[in-house]
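In terms of the UniProt record's numbering, the sequence shown is residues 1 to 117.
Positions of the beta carbon are idealized from the N, C-alpha and C atoms, including for glycine.
Worksheet: one structure, shown below.
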Amino acid sequence: TAEHLNMWTLMMLGPHPFYTSPDDRSLRMQLKPALPLWLFRINDDGTATVQFQLFGYIAVTYYNTRRTDLFHVAPSRYEIGLRDGTTHHVDGGSVSSDLADKIRRVVFVDYIHVYFE
1 TAEHLNMWTL
11 MMLGPHPFYT
21 SPDDRSLRMQ
31 LKPALPLWLF
41 RINDDGTATV
51 QFQLFGYIAV
61 TYYNTRRTDL
71 FHVAPSRYEI
81 GLRDGTTHHV
91 DGGSVSSDLA
101 DKIRRVVFVD
111 YIHVYFE
């Protein structure tokens, strides 16, 4: 149902994953999930992870090294792998215009690793 999809989107992506920067009016992306720790899988190395497919094609993995609930916490950094084999490392809570546009267009991006440290 529509309610279920809305709840899933809010939990996994946050209320506004894509937005326009107030500074320069450029497109940006910021993932701010609302996920309790019990939804994360604890790996052998102790890292808590959750995985999902963004837009049905982009593999997204959240790495919760804090091992705490994530309720609208901005990420520390992103690793974005493009289909041409290049990898982009983004420090901070949001992804800039060029990469945000590629993510929205789906076909350019293979995976996104999001780190909460």
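Around the C-beta of Ala100, 16 or more other C-beta atoms lie within 10 Å, and the residue is accordingly described as buried. Secondary structure at Glu79: strand, using DSSP grouped into helix, strand and coil. In this structure, Ala48 lies away from Arg25, with their beta-carbon atoms at least 8 angstroms apart. Per DSSP, Asn43 lies in no alpha helix (DSSP H) segment and is marked neither H nor E.
Per the coordinates, the alpha-carbon of Val106 lies some 17 angstroms from the alpha-carbon of His16.
Per the DSSP secondary-structure output, Met12 pairs with nothing in a beta bridge.
CA-to-CA, the gap between Tyr57 and Glu79 works out to about 16 angstroms. Burial is judged here by how many other beta carbons sit within 10 angstroms of a residue's own beta carbon; Asn64 has at least 16 and is buried.
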